[in-house]
Amino acid sequence: MEPVSLFDLAAKQAQWLSVRQSAIAGNIANANTPGYTANDVEPFEKVLDRTAVSLQTTEAGHLGSAATNAGFTIKPQEDDGVIMPSKNTVVLEDQLLKAGEVRRSFELNTAIVKAFHSMMMMAVKS
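117 is the number that the working numbering gives to position 92 of the sequence shown; each next residue is one higher, with no gaps.
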């Protein structure tokens, strides 16, 4: 059976969410560090824009191309004008909201993969 690209996409999003959660956890851990600049990961939409979708070669005469390997870059968070007296740019409320977004995205990702897996299993059993 051929791999389904939805599973690859879900895996890539799960990796991205993991990197983003690590960046958010680092921001929260350094909330009281003087001079610390909050970090974030580039949006997943930009990662998808850089990833080329390619067709899989099923016959020797078909033309093939490889998909690009998109990485996830952690960059300083865009300046929102809030700087603490210690020159720290971490706002705990914002970081906690982002952590909640990551959690909800993980749950949605898992639910979609479960539903798609169930559909695949029903199709195979029929």
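The C-beta atom is built at its ideal place from N, Cα and C for all residues, glycine as well.
Source: prediction; values computed, not measured.
Supposed close pair residue 100, residue 59 - CB separation, criterion 8 Å: Residue 100 to residue 59, Cβ: 21 Å. No contact.
Residue from 118, 40, 133, 32 whose Cα sits closest to the Cα of residue 63: 118
Contact under 8 Å by Cβ, residue 98 with residue 67: yes
Presumed contact (8 Å Cβ cut-off) between residue 53 and residue 102, rounded CB distance: Not a contact, Cβ separation roughly 13 Å.
Simplified DSSP state of residue 149, which is helix, strand or coil: helix
Cβ-based burial, residue 123 [other Cβ within 10 Å; buried from 16]: buried
Contact under 8 Å by Cβ, residue 35 with residue 137: yes
Sub-8 Å separation of residue 31 and residue 141 beta-carbons: yes
Coarse secondary structure for residue 99, derived from DSSP in three states: strand
8 Å Cβ cutoff met for residue 116 and residue 45: no
Cβ-based neighbour list, residue 56, same chain, cut-off 6 Å, excluding 5 preceding and 5 following: 115, 117
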